Amino acid sequence: DKFKEGLSKTRNSFASKVNDLVAKYRTVDEEFFEELEEILISADVGVNTVMELIDELKMEVKRQNIKDSSRMKEVISQKLVEIYYGDDEEEIEELQLNEDGLSVILFVGVNGVGKTTTIGKMAQRLKDQGKNVVLAAGDTFRAGAIEQLEIWGQRVNVPVIKHSEGSDPAAVIYDGIQSAKSKGADVLLCDTAGRLQNKVNLMNELSKVKRVIEREIPGAPHESLLVLDATTGQNALSQAKTFSESTNVSGIVLTKLDGTAKGGIVMAIRNELDIPVKYVGLGEKVTDLQAFDAHAFVYGLFA
Ligand code: GDP
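Numbering (full-length UniProt numbering), first residue to last: 45 to 347.
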């Protein structure tokens, strides 16, 4: 239901176009596929993924000898889910946490994508699962970033470890780890800077932060989540490429999916980068973070 609600823009655009298409072409023919291809591309599904999907659909139509276009919504949904998971197991990928000791989750991504908000939502989510959470204000670069994280810390009632603006992020994260350990906390959520104007510096800074985490806790960070803004479409895809080239990204949080009619970007990210989308942001409220589930997503689109 959360998916249905949060995806209303994509649903209104994508699903209604598919409905119109089915009404227009009663039979499944070449023209039907041509228009379907356009609809999928305009929903940001990504050219490669669209081509793969269209090929699969054509084969399925042949195999099942489908003539009537009204059956196509079901077949499209099925194939979207299949293509999303590829050879992987169909399971909701939750966080890989350290069960007996401190887990560290690093959040990376450019400014404005919703990193701070996601950390706040995630803190609440983990608290609801009975975990003790600490936040580390590792974005020492952007004016206001530390205060913003503190506001979230107060809102969800978890401690925030910070230094002053402009200080060394690796030192903040180091303190965050010591503090989380001394409190016996379960999870440390680390914010990082997101300026992309100086890519080399940013990536060096991230490597340094990672080295500190790895040194303090073997096996950490347990997750490095890249936060992307769904409303930026293909731009999100290129950000994902940049980050995954220079740092080990274990999963993606795709925010503001409620704010776009082009939710197909989920498919493009998964298929062109082979990084799982672990969570999606479906609004600004603390409860608007959902574990991603391709099945619920695709069926939410057509619901
Ligand atoms: P940061 O610079 O990456 O830390 O981004 P912020 O966390 O400050 O978020 C930027 C803006 O996006 C804020 O106004 C948030 O309320 C908003 N935002 C974050 N996530 C979502 C989401 O899932 N849906 C919507 N509609 N807005 C979001």
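Ideal Cβ placement from N, Cα and C applies to all residues, glycine included.
The structure displayed is predicted, hence computed values, not measured ones.
Going by C-alpha distance, which of Lys300, Pro320 and Thr275 is nearest Asp88?
Position 44 of the sequence shown, counting from 1, holds the residue named residue 88. Comparing Cα-Cα distances from Asp88 to each of Lys300, Pro320 and Thr275, the minimum goes to Thr275.
In angstroms, rounded to a whole number, what distance separates the CA positions of Ser52 and Asp45?
As a first step, residue 52 is located in the sequence shown; it is residue number 8 there, counting from the start. As a first step, residue 45 is located in the sequence shown; it is residue number 1 there, counting from the start. Answer to the nearest angstrom: the Cα atoms are 11 Å apart.
Using the C-alpha atoms, what's the distance from Lys329 back to Leu124?
The count along the sequence shown starts at 1 and reaches residue 124 at position 80. The count along the sequence shown starts at 1 and reaches residue 329 at position 285. Straight-line Cα distance between these residues: approximately 29 Å.
So, helix, strand or coil for Val297, using DSSP?
Taking the sequence shown and counting its residues from 1, the one referred to as residue 297 is at position 253. Val297 falls in the strand class under three-state DSSP.
With Gly295 and Gly238 assumed to form a contact (beta carbons below 8 Å), what rounded beta-carbon distance in angstroms separates them?
As a first step, residue 295 must be located in the sequence shown, where it is residue number 251. As a first step, residue 238 must be located in the sequence shown, where it is residue number 194. Not a contact, Cβ separation roughly 17 Å.
Considering only the alpha carbon of each residue, which of Lys206, Val91, Val105 and Tyr128 lies closest to Glu191?
As a working note, residue 191 is residue 147 in the sequence shown. When each option's Cα is compared against that of Glu191, the closest is Lys206.
Buried or exposed: which applies to Val91, given that a residue is buried once 16 or more other Cβ atoms fall within 10 Å of its Cβ?
For the purposes of this step, residue 91 is taken as residue 47 along the sequence shown, with counting starting at 1. Per the 10 Å Cβ criterion, exposed.
Buried or exposed: which applies to Ala180, given that a residue is buried once 16 or more other Cβ atoms fall within 10 Å of its Cβ?
Residue numbering aside, residue 180 sits at position 136 when the sequence shown is read from its first letter. Per the 10 Å Cβ criterion, buried.
Just to be sure I understand the criterion: a residue counts if its Cβ is closer than 7 Å to at least one heavy atom of ligand 1. Which residues meet that?
Gly153, Asn155, Gly156, Val157, Gly158, Lys159, Thr160, Thr161, Thr162, Arg186, Ala189, Gln192, Gly238, Val271, Thr299, Lys300, Leu301, Asp302, Gly303, Gly325, Leu326, Gly327, Glu328 and Asp332
Label Gln168 either buried or exposed according to how many other C-beta atoms from any shown protein chain fall within 10 Å of its C-beta, with 16 as the threshold for buried.
What you label residue 168 is simply residue 124 of the sequence shown in a count that begins at 1. Buried, since its Cβ has 16 or more Cβ neighbours within 10 Å.
By Cβ distance below 8 Å, which residues in the same chain neighbour Gly145 in space, the five residues on each side in sequence not counted?
Counting from 1 along the sequence shown, the entry for residue 145 is found at position 101. For Gly145, where only same-chain residues beyond five positions count, the Cβ hits under 8 Å are Ile261.
Give me whichever residues DSSP pairs with Thr71 in a beta bridge.
On the sequence shown, position 27 is the one that residue 71 refers to. Answer is Asp112.
Quick check for students: name the residue ranges of the beta strand (DSSP E) that lie wholly in the segment 170-218, counting only runs of 3 or more.
177-180
Grab me the residues of Thr236's own chain with a C-beta within less than 7 Å of its C-beta, minus the 5 sequence neighbours each way, in chain order.
Here residue 236 refers to the residue found at position 192 when the sequence shown is read from its first residue. Answer for Thr236: Leu150, Phe151, Val152, Gly182, Asp183, Pro213, Leu250 and Val253, listed in chain order.
Which partner residues does Leu270 have in the DSSP bridge list?
As a working note, residue 270 is residue 226 in the sequence shown. According to DSSP, which records beta bridges pairwise, Leu270 is partnered with Val152 and Ile296.
Rounded to the nearest angstrom, what separates Ser86 and Gln334 at their Cα positions?
Position 42 of the sequence shown, counted from the first residue, corresponds to residue 86. Position 290 of the sequence shown, counted from the first residue, corresponds to residue 334. Taking the Cα positions, Ser86 is about 25 Å away from Gln334.
So Ser147 and Tyr343 are supposed to be a Cβ contact under 8 Å. How far apart are they, rounded?
As a position in the sequence shown, residue 147 is number 103, starting the count at 1. As a position in the sequence shown, residue 343 is number 299, starting the count at 1. Their Cβ separation, rounded to whole angstroms, is 32 Å, which puts Ser147 and Tyr343 out of contact at 8 Å.
Below 8 Å, can you find three or more Cβ-Cβ pairs linking the segment 278-285 to the segment 46-66?
no
By how many angstroms is the C-alpha of Lys285 removed from the C-alpha of Pro265?
Mapped onto the sequence shown, residue 265 falls at position 221. Mapped onto the sequence shown, residue 285 falls at position 241. Whole-angstrom Cα-Cα distance: 20 Å.
Is Ala284 helix, strand or coil when you go by DSSP?
By 1-based counting over the sequence shown, the position of residue 284 is 240. Helix.
Of the residues Ser114, Leu141, Glu82 and Tyr128, which one's Cα is nearest the Cα of Leu232?
As a first step, residue 232 is located in the sequence shown; it is residue number 188 there, counting from the start. Of the candidates Ser114, Leu141, Glu82 and Tyr128, the one whose C-alpha sits nearest the C-alpha of Leu232 is Leu141.
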